[in-house]
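The opening residue of the sequence shown carries number 19 in our numbering; numbering runs sequentially from there. C-beta: ideal position from N, C-alpha, C; glycine also. Presented below is the structure to which this report refers.
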Amino acid sequence: MLLDTHTLLWFLNNDLRLPVSVSQKIEETELVFVSVISIWEIAIKINIGKLNLLTSFETIKENMNALNIQELPIVFDDSLAYIDLPILKEHEDPFDRMIVAQAMRRSLTLVSADKKLDSYSVTRFWE
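Dropping the structure here:
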């Protein structure tokens with residue numbers, strides 16, 4: 019499974035917006051990934067003042083390691099899949115589009131509350 023940016027943050031912070039069933043599924047799944055684009059998105063939002071974390075930015079990496087959540091790099095073929103995605107008016111966010119492209123390329127379930135992502139040919143999990 020591939021965690022969307024908000025899913026990662028909510029999971030690491032035990033945020034009540036993350037359904038218990040989603041949290042349990044993340045904990046039970048052997049291979050859980052977070053795209054490097056999510057890490058970049060968090061860093062950008064911290065830098066421009068759109069996001070405040072409860073802990074230090076570095077703690078994200080430490081927590082990911084402790085929970086065996088793997089970093090998913092962006093490779094050239096991810097960019098090819100990104101280019102092939104239709105640009106939908108209801109969802110133009112470049113970060114989310116790259117996460118969708120990566121999930122599609124690797125046949126990963128995308129864990130996200132964002133129902134707009136259902137416009138793409140990706141399996142989204144949120145219960």
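Following the DSSP letters along the chain, one finds Leu90 inside the beta strand (DSSP E) bounded by residues Ile87 to Leu90. In this structure, DSSP gives Ser97 a helical state, which the three-state scheme calls helix. In the three-state scheme derived from DSSP, where H, G and I count as helix and E and B as strand, Leu20 is classed as strand. The beta carbons of Asp95 and Arg123 sit about 6 Å from each other, so the pair counts as a contact at 8 Å. A Cβ-Cβ distance of about 16 Å is found for the pair Ser41 and Leu20, leaving them out of contact under the 8 Å criterion.
Around the CB of Ile87, 16 or more other CB atoms lie within 10 Å, so the residue is classed as buried. Counting C-beta pairs closer than 8 Å gives three or more between the segment 103-111 and the segment 133-141, which meets the contact rule.
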